Structures are given as structure tokens and as C-alpha cells.
Amino acid sequence: MEPVKIIGAGLAGCEAAWQLAQRGIPVELHEMKPEKMTPAHHSPEFAELVCSNSLRSDQLENAVGLLKEELRRCGSLIMSCADAHRVEAGGALAVDRRAFSQAVTQAIRSHPAVTVVEGEVERIPEEGQVIVAAGPLASDALTEEISRLFPDSRYLNFFDAAAPLVTFESVNMERAWFASRYDRGTPDYINCPMEEEEYQAFWEALTTAQEAEVHGFEDSGVFEGCMPVEVMARRGRDTLCYGPLKPVGLKDPRTGREPFAVVQLRRDNAQGSIYNIVGFQTHLKWPEQKRVFSMIPGLERAEFVRYGVMHRNTYLDSPRLLDRYYRVRGQERIMFAGQITGVEGYVESTASGALAAMELARRLEGKEPINFPRETAMGAMALYISDQSVVNFQPMNVNFGLIPPLGYRVKGKRNKNAELSKRALEALGELEL
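With positions in the sequence shown counted from 1, the corresponding number in my numbering is that position plus 651.
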């Protein structure tokens, strides 16, 4: 059997390679790192987490928690490695990003059905089965090739941003304290409190700080889920207090009350030596990041091991181009997976790679497609990105709004979401995976 060629060893590409290889289908996985790096990548390892180290909620009352559980039941490599290298983050699944990437890389490179080919891919192969999982930061040459593949299609793009990382030893724990919101779970977050006058000074500095030049950047072109903190701050003085700096459920042990605002830091590695500033994706100039973020109580002498960065993400007008199996309409031997399809988030990218590969495996085996139903998170996402009735297609995280309602009333949002997850997992259990 001719190997399936997968372009890109990110989350989607690695998951797709694993799903195919585990079914005995040979894979050629092409990755341009370390020969060529993008502005957002720093490591030669596969499945690099370029933004946050959190895969978000692990609760079944949350849609991304449901999606994770579906992936686990599909034998996901990404979820297996994430679970093995988790760091404490309350009800979220956060990972030691380096250990996680190394585990994925080792699993892929050691699989007998996978051949890793290093070097940039500039052209989509003219024959055979191909999964393009190059991510939203595909090289210029490959991006041009994709444009040639869809000469009559619109290209859409938005901007994405990553948060800074600081060392734990540089955090002033005389001002900050460990706690999780509402004291749920273990006290995993470092909390830096701000009184109103401190917040006012910080907000004024943040909204007037110098930004790094990003070609073509406009506030309106930023995906809401990865909005730079300075862009959010410009929407109004108190906007941050209802977003990443909300103090609800966090009482300062020094005062016994909720501060006016709270900046949270989440562990970024298993040792707890590095923390990321939650919600502080940014494209401020690096000296400005040092100046402004050091105004946060507890971070007066913070040592930044990585500053925030801003980069352009590109995605397809998928409803016009792809079907529910992530195949190119009319050229079904070519598939896409990952954020370039318009799914937004680590887990969503992984799920797209898993579904694309599982469906391709069925096709190569001469079997009928699985057709993940809309009641499942994986099915709902695939049907969203391929829904031709969608006019203004935008990237989207998985959410319960994509899944059909229960058809009966359940009191309480969490209870209703739990019922939706229960129904989804029952539906998944009826499929031949």
C-alpha cells in the first residue's frame, strides 16, 4: 500500500499519523522543522504548543471536556501524552509543554508504520492520499500552493498571540498567593491582586504602550479567543475585570476580600519553575512588556523567559471547500486538518486530524464512512466547518451551541451540559471506530 503523505507534524498531523499507523496504514510524515522555523515556533519537537500550555477544561459539563473524552475513546495519541504529562491546573488539563512534545515526537518517530521526512514541502503531491496539516502558519511556498489549489476561493486570516512566561522564583509571593477560583480542586494558580488605583495605573500604561509592528494588523482582525490583552483593554477601562483579570471567587488572604482585579499565573512545566501569565497574549514591544507587566503586584522583579509574540494565522473558507470528512470537494484524495480548516484550539485541531485519518482509513479499507453524528463534539465540529449555508465563516472553538438540543428540559446549565455529554458518549459508543 502506498503511504499516506501528511504535511505537518503539529497536533493535527501527529494525531492523523497515529490514527492511520495504528490501523496498519503506512504514513510519510513531512515536517520542515528544524530546517525551517516559523515566527511562533521555538522547538524542533513535534506537536509544539506555541501559545498556552492549557488544553482547557477537563470537565464533561464543558464542550472541550467532552471533546477530550471522545478523543480518548478514539485512542488519541495527543490525549494520551497530555494525560501523562499534565501539570496541576484546577479543572483544566494543562501540560508540561516540553515533556508533552517530546513524548509525542518519540511515539511518532518510533512507530514502525511512520516514516518521518524532514524538510519543507512546497508542492502538494500530485498523486496519492494527502493530508495537509501544515497549520495556520504554513510556509509561504505551501501557502501559495494552497492558493493555486483553490484559485476561485476567498482566503481569510486573523491574528493570533502568545502570552509571556516568567520564572517562579522571580514572583514576589509576599504579594501573590496560591489558589484556585472558589477554592475548587488544588490551589494551582498564582494570584496577583490589584486594588483599584493599581489597576487604573496598569490599564493606562497598557493601553498607551508601544506595540510591535505586525503587517496588516487591525484590532478587528483578531480572533476573540486569542485577543491580545492590550486590544481587550482598549475596549473599555473595566473590560479586563470581566475577562482575564476577573477577581470573582478569589479572596486575598491578606485582606480576606476579593481584590478589584486579579492577574493569574498558571504552571507551564512539571517542575513548577515556569509560569505563564493567563490571558496575556500580546504583541507589545518586548521592552514595553517588561515595563508594563512588571507593574503587576507580585511581578515587580519578574524574570521573563519568553515574551509574548504575535503572528498571522490563515484559514480556509472551509464550508465552500471541504466536506464533513475534511476532504477537498471534488478532489477527495486531498484532505486538510488542524486550524487551517477553521477549527480553533489545540483539542479541536487534534480532533480534526483524528477524524480525517479515521475516515481515510475506512476509505482505504473499502468500508463505509463512520459519519460521526452531530450529537458528538467531533461530528458537530466537522459539520460546522463543512456547512455550506454558513455565510460569514469564522474560526470557532467547540461549544454546545453546535450540538442539537436535548429536546427536553433539564434544570441548570451544568446539568444540561452533562446530559448533552452523556448522550454524545452514548452515540459515540454505537459507532464502529
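Where is the CB? At the ideal position from N, CA and C, for every residue including glycine.
Quantities reported herein were computed from a predicted structural model and do not represent experimental measurements.
For secondary structure counted as the beta strand (DSSP E) over 3 or more consecutive residues, the region 938 to 1015 holds these complete runs in sequence order: 955 to 957, 960 to 967 and 982 to 987. Straight-line spacing of the CA atoms in glutamate 773 and isoleucine 797 works out to 10 angstroms. The C-beta distance from arginine 723 to alanine 1012 rounds to 18 angstroms, too long to fall under 8 angstroms, and the pair is not in contact. The three-state secondary structure of methionine 878, taken from DSSP, is coil. Contact annotation, isoleucine 1054 with glutamate 1083: C-beta distance approximately 22 angstroms; criterion of less than 8 angstroms not satisfied.
In this structure the region 967 to 980 touches the region 1033 to 1049; the number of beta carbon pairs closer than 8 angstroms is three or more. Per DSSP, threonine 933 lies in no beta strand (DSSP E) segment and is marked neither H nor E. For serine 924, same chain residues with a beta-carbon under 8 angstroms away, outside a window of 5 residues either side, are Thr818, Phe819 and Glu820 in chain order. With contacts defined by Cβ atoms closer than 8 angstroms, lysine 1067 and leucine 1079 do not form a contacting pair. DSSP places lysine 719 in the uninterrupted alpha helix (DSSP H) bounded by 714 to 724. The three-state reading of DSSP puts cysteine 892 in helix, counting H, G and I together. In the structure shown, the three-state DSSP call for threonine 766 is strand. The three-state reading of DSSP puts serine 708 in strand, counting E and B together.
Burial check for glycine 770: the Cβ neighbour count within 10 Å stays below 16, so the residue is exposed.
Across the set Asn964, Gly1030 and Glu849, the C-alpha of Glu849 shows the shortest separation from the C-alpha of phenylalanine 944.
Fully contained in the region 768 to 853 are the following alpha helix (DSSP H) runs of length 4 or more, in chain order: 791 to 800. The criterion of a C-beta distance shorter than 8 angstroms is satisfied by valine 1049 and alanine 1028. Residues Met845, Tyr850, Cys892, Leu896 and Pro898 of the same chain have their beta carbon placed closer than 6 angstroms to that of alanine 912, with the five preceding and five following residues left out of the count. Under DSSP, the beta-bridge partners assigned to methionine 1047 are Val994. In this structure, serine 1000 lies away from glycine 1017, with their beta-carbon atoms at least 8 angstroms apart. Around the beta carbon of tyrosine 926, 16 or more other beta carbons lie within 10 angstroms, which makes this residue buried. When Ala921, Cys702, Leu816 and Val655 are compared, the shortest CA-CA separation from isoleucine 775 is found for Val655.
A straight-line Cα-Cα distance of about 25 angstroms links alanine 1007 and proline 695. Short of 7 angstroms from the beta carbon of leucine 1071, and not among the five residues preceding or following it, lie these beta carbons of its own chain, in chain order: Phe1051, Ile1054 and Leu1057. Looking at the DSSP output, leucine 680 sits in a beta bridge with Ile657 and Val767. With respect to proline 948, arginine 826 sits close: the two C-beta atoms are nearer than 8 angstroms. Within the model, the alpha-carbon separation for glycine 742 versus asparagine 704 is close to 14 angstroms. Rounded to whole angstroms, the separation of the alpha carbons of asparagine 823 and leucine 950 is 6 angstroms. Of Glu653, Met961, Phe829 and Asp968, the smallest CA-CA separation from threonine 933 is found for Met961.
Counting along the chain, no alpha helix (DSSP H) covers leucine 916; the unbroken beta strand (DSSP E) around it starts and ends at 912 to 918.
The beta carbon of proline 1024 sits closer than 7 angstroms to those of Gly1030 and Ala1078, all from its chain and outside the five residues before and after it, given in chain order. Taken atom to atom, the span from the alpha-carbon of alanine 856 to that of proline 879 is near 15 angstroms. DSSP, read as helix, strand or coil, puts glutamate 1081 in coil.
Within its own chain, the residues whose Cβ lies closer than 6 angstroms to the Cβ of histidine 681, once the five positions on either side in sequence are excluded, are Ile658, Val768 and Val772, listed in chain order.
Between the beta-carbon of tyrosine 976 and that of glycine 993 there is about 15 angstroms, and that puts the pair past the 8 angstroms contact cut.
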